[in-house]
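>
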Amino acid sequence: MESRSWYLLFLPVFAVIGLVEVYPLILSAYLSFTNLNGVPALANYITLASDPAFFSALNVSLFYSLASTIIAVAIGLGLTYILTQSLPGKRVFEATYLLPLAVTPIVVGVLFSPSSVWDDVQQFSHFILGFPYFNELTPIFYFPVMIFSESWEWAPLILLVAMSISTNIPKEVFEAAESHGASTLQKFRMVILPAILKSPVMQFVIVLRFIDAMRAFEIPLAWSNWLGYTTTPGSPVDTISLYLYKLLFASSQGFPIGVVSAAALTLFAITFAGAVVLLRILKAVGG
Amino acid sequence: MDSAKTRPVSSGENSAGPRRGRSRWTIALYLFAVLAAFYSFWPILVMALEGYNVDLGPIFAGKAVRLVGGLQFPPGLFLPTPAFYLQALSLEAYPRLVADTLIIAALSITISLAVGIPVAYVTARIDIRGKNLVAYLLLALRTCSQFVVIIPLYIAYSKFGLYDSFTGIALAEQVLILTVVVWMLRGFFMEIPQVVYEAATVFGKNEWQVLRRVVLPMVMPGVVVTTLFALVLLWNEFLIADTLTGIATRTVSVGVWEGMSINQLSFSALAWDSLNAAGTLAYIPAIIVLLLVRRYFARGFRLGLGS
Numbered sequence: 002m003e004s005r006s007w008y009l010l011f012l013p014v015f016a017v018i019g020l021v022e023v024y025p026l027i028l029s030a031y032l033s034f035t036n037l038n039g040v041p042a043l044a045n046y047i048t049l050a051s052d053p054a055f056f057s058a059l060n061v062s063l064f065y066s067l068a069s070t071i072i073a074v075a076i077g078l079g080l081t082y083i084l085t086q087s088l089p090g091k092r093v094f095e096a097t098y099l100l101p102l103a104v105t106p107i108v109v110g111v112l113f114s115p116s117s118v119w120d121d122v123q124q125f126s127h128f129i130l131g132f133p134y135f136n137e138l139t140p141i142f143y144f145p146v147m148i149f150s151e152s153w154e155w156a157p158l159i160l161l162v163a164m165s166i167s168t169n170i171p172k173e174v175f176e177a178a179e180s181h182g183a184s185t186l187q188k189f190r191m192v193i194l195p196a197i198l199k200s201p202v203m204q205f206v207i208v209l210r211f212i213d214a215m216r217a218f219e220i221p222l223a224w225s226n227w228l229g230y231t232t233t234p235g236s237p238v239d240t241i242s243l244y245l246y247k248l249l250f251a252s253s254q255g256f257p258i259g260v261v262s263a264a265a266l267t268l269f270a271i272t273f274a275g276a277v278v279l280l281r282i283l284k285a286v287g288g
Numbered sequence: 030m031d032s033a034k035t036r037p038v039s040s041g042e043n044s045a046g047p048r049r050g051r052s053r054w055t056i057a058l059y060l061f062a063v064l065a066a067f068y069s070f071w072p073i074l075v076m077a078l079e080g081y082n083v084d085l086g087p088i089f090a091g092k093a094v095r096l097v098g099g100l101q102f103p104p105g106l107f108l109p110t111p112a113f114y115l116q117a118l119s120l121e122a123y124p125r126l127v128a129d130t131l132i133i134a135a136l137s138i139t140i141s142l143a144v145g146i147p148v149a150y151v152t153a154r155i156d157i158r159g160k161n162l163v164a165y166l167l168l169a170l171r172t173c174s175q176f177v178v179i180i181p182l183y184i185a186y187s188k189f190g191l192y193d194s195f196t197g198i199a200l201a202e203q204v205l206i207l208t209v210v211v212w213m214l215r216g217f218f219m220e221i222p223q224v225v226y227e228a229a230t231v232f233g234k235n236e237w238q239v240l241r242r243v244v245l246p247m248v249m250p251g252v253v254v255t256t257l258f259a260l261v262l263l264w265n266e267f268l269i270a271d272t273l274t275g276i277a278t279r280t281v282s283v284g285v286w287e288g289m290s291i292n293q294l295s296f297s298a299l300a301w302d303s304l305n306a307a308g309t310l311a312y313i314p315a316i317i318v319l320l321l322v323r324r325y326f327a328r329g330f331r332l333g334l335g336s
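Here the protein sequences line up with chains A and B, keeping their order. Sequence positions in the first sequence follow our numbering and run 2 to 288. Sequence positions in the second sequence follow our numbering and run 30 to 336.
#1: Should L182 (chain B) be flagged as near chain A, meaning a C-beta pair shorter than 8 Å?
#2: With DSSP collapsed to three states, give me the class of P109 (chain B).
#3: Cutting at 8 Å between CB atoms, please list the residues of its own chain near L273 (chain B), excluding the five before and the five after it.
#4: Comparing C-alpha positions only, which one of A:S62, A:L88, A:G182 and A:V208 sits nearest to I148 (chain A)?
#5: Could you check what DSSP says for T130 (chain B) in three-state terms: helix, strand or coil?
#6: Report yes if the CB atom of M215 (chain A) is closer than 8 Å to the CB atom of S57 (chain A), and no otherwise.
#7: Which residues does DSSP pair with P41 (chain A) in a beta bridge?
#8: Is it the case that the Cβ atoms of T255 (chain B) and M213 (chain B) are separated by a distance below 8 Å?
#9: For a minimum of 4 consecutive residues, which ranges assigned as the alpha helix (DSSP H) are wholly contained in the stretch 232–270 of chain B?
#10: Let me make sure I understand the geometry here. Which of B:V283, B:V322 and B:M249 has the alpha-carbon closest to that of V108 (chain A)?
#11: Quick one: what does DSSP say S242 (chain A) is sitting in, helix, strand or coil?
#12: Indicate whether at least one CB of chain B lies closer than 8 Å to the CB of N169 (chain A).
#13: If we count the other Cβ atoms within 10 Å of its Cβ and call it buried at 16 or more, is V224 (chain B) buried or exposed?
#14: Is the beta carbon of L160 (chain A) less than 8 Å from the beta carbon of G77 (chain A)?
#15: In whole angstroms, what separates the C-alpha of V239 (chain B) from that of S87 (chain A)?
#16: Do S242 (chain A) and A217 (chain A) have their C-beta atoms closer together than 8 Å?
#17: Could you tell me if P124 (chain B) is buried or exposed, where buried requires 16 or more neighbouring beta carbons within 10 angstroms of its beta carbon?
#18: Can the beta-carbon of V261 (chain A) be found less than 8 Å from the beta-carbon of L248 (chain A)?
#19: Please list, in chain order, the chain B residues whose beta carbon lies closer than 8 Å to that of A103 (chain A).
#20: By Cβ distance, which residues of its chain are closer than 7 Å to N265 (chain B), with the 5 residues on each side in sequence left out?
#21: For the candidate residues A:S29, A:A44 and A:A270, whose alpha-carbon lies nearest to that of N36 (chain A)?
#22: Do T233 (chain A) and P221 (chain A) have their C-beta atoms closer together than 8 Å?
#23: Does the separation of the CB atoms of V211 (chain B) and L262 (chain B) fall below 8 Å?
#24: Report yes or no: do three or more beta-carbon pairs, one from the stretch 7–24 of chain A and one from the stretch 136–148 of chain B, lie closer than 8 Å?
#25: Exposed or buried, which one is V286 (chain A) when buried takes at least 16 other CB atoms within 10 Å?
#26: With three or more beta-carbon pairs closer than 8 Å as the criterion, would you say the stretch 169–179 of chain A touches the stretch 135–151 of chain A?
#27: Pick out whichever of B:A122, B:T110, B:A135 and B:A128 has its Cα sitting closest to the Cα of A259 (chain B).
#28: Could you name the residues of the same chain whose beta carbon sits closer than 7 Å to that of S137 (chain B), not counting the 5 residues immediately before and after it, in chain order?
#29: How about E22 (chain A) and F267 (chain B): do their beta carbons lie closer than 8 Å?
#30: On the criterion of 16 or more Cβ atoms from any shown chain inside 10 Å, does E154 (chain A) qualify as buried, or is it exposed?
#31: Using the rule of at least 16 other Cβ atoms within 10 Å of the residue's Cβ for burial, across every protein chain shown, is K188 (chain B) buried or exposed?
#32: Is there a Cβ of chain A sitting closer than 8 Å to that of E79 (chain B), yes or no?
#33: Using DSSP with H/G/I as helix, E/B as strand and the rest coil, what is P171 (chain A)?
#34: In the DSSP assignment, find the unbroken alpha helix (DSSP H) run with S62 (chain A) in it and report its ends.
#35: Closer than 8 Å, CB to CB, is E219 (chain A) near chain B or not?
#36: Are the CB atoms of Y312 (chain B) and T105 (chain A) within a distance shorter than 8 Å?
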């Protein structure tokens, strides 16, 4: 085929992203750099920079997304190790491990709430093991729990991709490893793991997980409720998305489209930079 | 395992030593696998049981369950009831929410596959200038916060009557899935060995035939995985659906949340139980779809590998 006609195949994609991404992006940029009368101004960015809640939310978002991505990958690879062994009832285990992926994030926030899972844990530790009740509403408890619930939900995705990659490794490679006397652990570490980390699909999924966790909204929203901030801004668990949601829909000072656009664009810039760095690191590690 | 180093592991003529070690290892592995299964489904099970108002404490009350230093469970009422599930199902909203979500998902995935497969193929395989630029442009746009998109789209949709329509929301959800579809398929196209393309070209097929007859069947498992992933993303998506859908096209996750935010105002035990029933009903179809597609997914891979 003529090399120029390949470019025609890009046109539909450009049409779609032009409508739902480029146009909104340009309009948002315009809204963020103008005040209500359409006069060019930096007022929105100055408002944002003087709001401590914004920086708190930015910190939470960064820590939350990095930690939950790393933990999800670790759990996902652990589960992959189990499933790449010869194990009776493996298919049942595989099906079970995938279940968290089907639970809506907003429901995950409910699952790991103090009155759901932790209520049972409290009952068990108090009445059976004899420990006193512990307080679920301290930062040292709820931050790890939020991060863990995010990882709990998405580790199966890592598992799914890792399994599909390890199924695709030619049998000859395993036979060669076995004939050199590799143990199952060695086979996992030296054959399966490098193949997984080297795969472009896996690298993309990890970066994607980071990007999506940077925009995390539902689990923090649930926890902001358990902490007593229903739609009030300024809760310690606010991520940027939640901060923006509260600013937009629960704000007492009107409908601050300009400030929200400015904050959304700032988040976009930071997420973009983070994703680029992460992709570089993954390429360097995976080769 | 030292002796195994010099011999094939699976030869079956090993002495009893390594084999016993291996069986102990298998038991440990099995224990680990069961623990991991427990970790995966226990929170889900807790929610399903809460929806029935099941609390295990009263069952154990007065019985010898305490270990070191434990206390007696206080007596309470053990009253499991299907009422909350029946209530949630009889609301008529639930089947509508599921149907709406599936329509939106089908429409969005069709759009993104139709638009995305050619781009994935070209950026993975064809040597033309600017192909990486297109791929990375898509990735860059995916890092965009939803709030960048929501406000302008809301304004535009209200103007052109796309607000609360399936077309509008399916287009808006491309923000969520288009990059994912293109990049995942791109990866699957890249993983096909170069030899396949060369062989197909040697047999006189033109590029279009290579794509349709040889490459597409080979990436079918990849397409299934991608579709499954997009479906999960769409089923779970909340923010875009919450702002761009109204009564006519509301999705499950938004529906559960609407019920939840009403319940928050009066956080009684009753509301808690019906919230859990609604949450359980929200994940059950997703679990069924996931398990069904998983089977197809494994079969697809075996076919793809030709064994």
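For glycine and all other residues, C-beta sits at the position ideal for the given N, C-alpha and C.
Reading from the atomic positions:
#1: Interface residue, yes.
#2: Of the three classes helix, strand and coil, the one that applies to P109 (chain B) here is coil, per DSSP.
#3: Scanning its chain for C-beta atoms nearer than 8 Å, with the 5 sequence neighbours on each side dropped, one finds around L273 (chain B) the residues I179, L182, Y183, Y186, Y192, D193, G197, I198 and A201, in chain order.
#4: Nearest option by C-alpha distance: A:S62.
#5: It is helical.
#6: Using a Cβ distance threshold of 8 Å, M215 (chain A) and S57 (chain A) do not count as a contacting pair.
#7: Paired residue(s): A:T35.
#8: Yes, Cβ-Cβ distance for T255 (chain B) and M213 (chain B) is below 8 Å.
#9: Counting whole runs of 4 or more residues, the stretch 232–270 of chain B contains the alpha helix (DSSP H) stretches 245–265.
#10: Closest option to V108 (chain A), Cα to Cα, is B:V283.
#11: S242 (chain A) falls in the helix class under three-state DSSP.
#12: Cβ-Cβ to chain B under 8 Å: yes for N169 (chain A).
#13: Under this definition V224 (chain B) is an exposed residue.
#14: Between L160 (chain A) and G77 (chain A), the gap from beta carbon to beta carbon is short of 8 Å.
#15: Distance between the alpha carbons of V239 (chain B) and S87 (chain A): 37 Å.
#16: Yes, the pair counts as a contact, with Cβ atoms nearer than the cut-off.
#17: Looking at its Cβ environment, which holds fewer than 16 other Cβ atoms inside 10 Å, P124 (chain B) is exposed.
#18: Between V261 (chain A) and L248 (chain A), the CB-CB gap stays under 8 Å.
#19: Simply V261, W264, Y312, A315, I316, V318 and L319.
#20: Within the same chain, N265 (chain B) has close Cβ partners S282.
#21: With respect to the C-alpha of N36 (chain A), the residue from A:S29, A:A44 and A:A270 having the closest C-alpha is A:A44.
#22: In this structure, T233 (chain A) keeps its C-beta atom at 8 Å or more from the C-beta atom of P221 (chain A).
#23: Cβ distance not < 8 Å, so V211 (chain B) and L262 (chain B) don't count as in contact.
#24: Counting C-beta pairs with one atom in each stretch, the stretch 7–24 of chain A and the stretch 136–148 of chain B have three or more that are closer than 8 Å, which means they touch.
#25: Sixteen is the threshold: since fewer than 16 other Cβ atoms of the shown chains lie within 10 Å of the Cβ of V286 (chain A), the residue is exposed.
#26: When C-beta atoms of the stretch 169–179 of chain A are compared with those of the stretch 135–151 of chain A, fewer than three pairs fall below 8 Å, so the two segments do not count as touching.
#27: Measuring from the Cα of A259 (chain B), the nearest candidate turns out to be B:A135.
#28: Within the same chain, A199, E202, Q203, I206 and L263 come within 7 Å of S137 (chain B) by CB-CB distance, once the 5 residues on both sides are set aside.
#29: With respect to the 8 Å criterion, E22 (chain A) and F267 (chain B) are not classified as neighbours on the basis of their beta carbons.
#30: By the 16-neighbour rule on beta-carbons within 10 angstroms, E154 (chain A) is buried.
#31: Exposed: under 16 other Cβ atoms inside 10 Å.
#32: Yes, because at least one Cβ of chain A sits closer than 8 Å to the Cβ of E79 (chain B).
#33: Three-state DSSP puts P171 (chain A) in coil, outside helix and strand.
#34: Annotation for S62 (chain A): the continuous alpha helix (DSSP H) segment containing it runs P53 to L84.
#35: Taking a beta-carbon distance threshold of 8 Å, E219 (chain A) counts as an interface residue toward chain B.
#36: Yes, Cβ-Cβ distance for T105 (chain A) and Y312 (chain B) is below 8 Å.
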